[in-house]
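Under numbering that gives the first Met the number 0, the residue at position 104 of the sequence shown is numbered 103, and the numbers go up by one with no gaps.
A short worksheet on the structure shown next.
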Amino acid sequence: MKRLAAVSLSATIGFSALALGSSSQVHAATPQSEEMIATAKEYLGVPYRFGAPSGVNYAFDCSSFTQYIYKQAEVKLPRTSQGQAKVGEEVSKDNLSQGDLVFFNTSGKGISHVGIYAGSNKFIHTSSSKGVVESSISSGYWSKNYVTARRVL
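So, in structure tokens, the structure goes:
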């Protein structure tokens, strides 16, 4: 009975995807992206430091944090959030998957902040007052300042 229900559900999802088209495809988390999120969470609470040097893990700014975490996954990223916003492929907010880079305009002058999407509307990033934190991407501030996302993995 369970197998029949699973097959029926799979068929329903498959037919729904055909009806909606492939542009709204959702990507599941991969073992690599799950490991990346677990690594990022190990750094929760590490202090913020504007202009923190690349490759150190005693303090981060937003882009040095994402660069450091991606380096652990053997992916090289540019040093700045603006540079990171040009790599990989663009992903709509509705199709975010763990490990995607999410970008925000916090300065009023374009992309000025980056974090790593952790799933369940959360992302891991640096806060100037709290260091590395996990925040809701749908909270008023972050939702209002969201710009784009990129899939690099």
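All C-beta atoms, glycine included, are put in the ideal place defined by N, C-alpha and C.
From the DSSP secondary-structure annotation, give me the bridge partner or partners of residue 125. 131
With burial defined as no fewer than 16 other Cβ atoms inside 10 Å of the residue's Cβ, what is the status of residue 100: buried or exposed? Classification for residue 100: buried.
If you compare alpha carbons, which of 122, 92, 90 and 108 is closest to residue 135? 122
Note the first and the last residue of the continuous beta strand (DSSP E) segment covering residue 64. It is not in any beta strand (DSSP E) - residue 64 instead sits in the alpha helix (DSSP H) that spans 61–71.
At the level of alpha carbons, what is the spacing between residue 60 and residue 93? 27 Å
Would you tell me roughly how many angstroms separate the C-alpha atoms of residue 40 and residue 150, rounded to the nearest one? 19 Å
Spatial distance of residue 23 from residue 79 (CA atoms): Residue placement at residue 23 is flagged as unreliable, the pLDDT there being 41, under the threshold of 50; the coordinate-derived value follows with that caveat. If you take the alpha carbons of residue 23 and residue 79, they lie about 29 Å apart.
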